[in-house]
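Okay, so here's the structure we're looking at.
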Amino acid sequence: MILVVDDDKNIRLSLKLILEHNEYEVVLAEGPKEAMQIVRNTPTIELVLMDLNYTRATDGEEGLTLLKQVKVFRPELPCILMTAWGSIDLAVQGMRAGAFDFITKPWDNGVLLDRIETARSLTPDPSPRGEGSKYLQGQKTTDERAHDVPTPLAPWRGVGGEAISGILATVARIAPTNAPVLITGESGTGKELIAEAIHRQSQRANGPFVKVNLGGISTSLFESEMFGHKKGSFTDAKADRIGRFEMAKGGTIFLDEIGELSLASQVKLLRVLQDQTYEVLGDSQTRRTDVRVVCATNADLRAMVEEKTFREDLFYRINIISLHLPPLRDRREDIPLLVNHFLRLACEANNLPHVSVSTEAIGYLQTLPFLGNIRELKNLVERALLMKESLTPDPSPKERGVVTLGRQDFECFSTDSLSTPLSVWRGAGGEASLASMERNAIAACIAKHNGNLSLVAKELGISRGALYRKIEKHGL
-19 MILVVDDDKN IRLSLKLILE HNEYEVVLAE GPKEAMQIVR NTPTIELVLM
31 DLNYTRATDG EEGLTLLKQV KVFRPELPCI LMTAWGSIDL AVQGMRAGAF
81 DFITKPWDNG VLLDRIETAR SLTPDPSPRG EGSKYLQGQK TTDERAHDVP
131 TPLAPWRGVG GEAISGILAT VARIAPTNAP VLITGESGTG KELIAEAIHR
181 QSQRANGPFV KVNLGGISTS LFESEMFGHK KGSFTDAKAD RIGRFEMAKG
231 GTIFLDEIGE LSLASQVKLL RVLQDQTYEV LGDSQTRRTD VRVVCATNAD
281 LRAMVEEKTF REDLFYRINI ISLHLPPLRD RREDIPLLVN HFLRLACEAN
331 NLPHVSVSTE AIGYLQTLPF LGNIRELKNL VERALLMKES LTPDPSPKER
381 GVVTLGRQDF ECFSTDSLST PLSVWRGAGG EASLASMERN AIAACIAKHN
431 GNLSLVAKEL GISRGALYRK IEKHGL
């Protein structure tokens, strides 16, 4: 059952008609007092759709107070706020207070229904029968979906680490919804793999999965890249161009390095995420898109919000569901399985015989800091394998022998890369801090490439923008 709270009778009736037409039970309230009586006395309320203003005042205090009261009485109850576009700051305050989402008036019925179903499907069903959301009826259980890990994530299943097991379980739960997802973590931790896993386990699995590196798109080209343009819309527009949002229609768009987006571009992105509408450059016709948005960043967006370099309203729009991927140094028990997985893939790709890794080599790998995380481990394993002198391509699988990679096979390459054993980073006073490890690694890489920052960024697996920030942070 959905509770609609609004002082405008026409809005209440309009929402009632829309929701009942889509087979929802609806109860109406004119103001906060009546709404709280319903919340207290009706345990089957699954969601509250509420306005922020109920008198002539437009400061939203009445709505924020109601939200806080609902959260005290029913902390698990999702609340979706309704506000005008010019009052998004109020919606942001509501998100801080615990609102699940917000929509702007006038709303789009499709967007509204999608937000409601997403909120319901991610919230435990209060029904005594425990029937669950109709969105998930007929779907596999969370445990069943957790075992259907897509191929890119197969080596992560059964690793044993609580962090990865928890992430896979969360992916299985949220994938069938349309909720926006924000994936955070250092470069090389597998954010793109998680995004692809979400898409492949979603209702949109048969649609496109479009990857966009926002760190590589300049502000001047943002609209053209994301929304497309018409021939002649600007000097170099010699032909029509399809934007990324149109390419992703019916599927998932993966916005990587969203922390690199300029403030001007953030405003344009917020509008399409809010209304699911956009305009192609050179065309006044408003177009609608139907995409699931998954974002990723290695930046601290909360800190950027505090520094006013990232819009708070955009942060709350993309951060309905948040997943944080831990660095490899915090889950060293995963290294043996990952090493074997990467070895198997590399042997198959290069038609090489079966290869094993010695216990000593595994122990050595578990001492490395791996500032480049899984990506760096993968590169190190492939280099050691391909440069093993006793290995040659064998077209006859039945005659393949067993070759073992030892510690020495990895040491020569880990010295050239940034994978220096932890002992090298330790001083007389104990282990060095992660910050000093990062600074020393970046300095060594800059020296290695004679100051060529493009090569430095490529080897570190980060964008140039992220590299500039780290250089400034460490005073290099």
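Residue numbers (my numbering): -19 to 456. Idealized CB from N, CA, C, for every residue including glycine.
| Query | Result |
| --- | --- |
| For residue 271, three-class secondary structure by DSSP | coil |
| Whether residue 44 touches residue 17 by CB criterion (8 Å) | no |
| Start-to-end residues for the beta strand (DSSP E) that takes in residue 457 | Residue numbering for the chain in the displayed model covers -19 to 456; residue 457 lies beyond these limits and cannot be assessed. |
| C-beta atoms of residue 62 and residue 96 nearer than 8 Å | no |
| Complete runs of the beta strand (DSSP E) confined to the region 278 to 323 [at least 3 residues] | 301 to 304 |
| Local conformation of residue 384 per DSSP, three classes | strand |
| Burial state of residue 189, where buried means 16 or more other Cβ atoms lie within 10 Å | buried |
| Whole beta strand (DSSP E) elements within the region 194 to 266, 3-residue minimum | 232 to 236 and 257 to 259 |
| Cut-off 8 Å between Cβ atoms - residues of its own chain near residue 297, not counting five sequence neighbours on either side | 160, 250, 253 and 254 |
| First through last residue of the beta strand (DSSP E) which encompasses residue 39 | From DSSP, residue 39 is part of no beta strand (DSSP E); its letter is neither H nor E. |
| Residue 204 versus residue 221 - alpha carbon distance | 8 Å |
| Beta-carbon spacing of residue -4, residue -17 below 8 Å | no |
| For residue -4, the three-state DSSP class (helix, strand or coil) | helix |
| Counted within 10 angstroms of its Cβ, other Cβ atoms place residue 206 as buried (16 or more) or exposed | buried |
| Burial state of residue 55 (16 or more Cβ within 10 Å) | exposed |
| Sub-8 Å separation of residue 94 and residue 158 beta-carbons | yes |
| Bridge partners - residue 63, DSSP secondary structure assignment | 84 |
| Backbone secondary structure at residue -14 - three-state DSSP | coil |
| Strand pairing of residue 336, partner residues [DSSP] | 384 |
| Backbone secondary structure at residue 456 - three-state DSSP | coil |
| Residue burial classification, residue 457 (beta-carbon count within 10 angstroms, cutoff 16) | The question about residue 457 has no answer, for the chain in this structure spans -19 to 456. |
| Helix, strand or coil at residue 191 [DSSP, three-state] | strand |
| Cβ neighbours of residue 437 in the same chain (closer than 8 Å, five flanking residues each side left out) | 443, 444, 446 and 447 |
| Residue 307 to residue 292 span [Cα, whole Å] | 26 Å |
| Any 3 or more C-beta pairs closer than 8 Å across the region 333 to 347 and the region 310 to 322 | yes |
| Proximal residues to residue 327 (C-beta, below 8 Å), its chain only, five neighbours per side dropped | 333, 334, 335 and 365 |
| Terminal residues of the alpha helix (DSSP H) in which residue 433 lies | 433 to 440 |
| Between the CA atoms of residue 456 and residue 432 - distance to the nearest angstrom | 14 Å |
| Buried or exposed (CB count within 10 angstroms, at least 16 for buried), residue 212 | exposed |
| Whole-angstrom distance between residue 246 and residue 202, CA atom to CA atom | 10 Å |
| Unbroken beta strand (DSSP E) run spanning residue 163, endpoints | 161 to 164 |
| Identity of the residue in 68, 289 and 98 nearest residue 39 by Cα | 68 |
| Beta-carbon proximity check, residue 338 vs residue 269, cutoff 8 Å | no |
| C-beta atoms of residue 169 and residue 305 nearer than 8 Å | yes |
| Beta strand (DSSP E) segment containing residue 27, residue limits | 27 to 31 |
| Beta-carbon contacts of residue 192 that lie in its chain and below 7 Å, excluding the five residues immediately before and after | 224, 233, 234, 235 and 236 |
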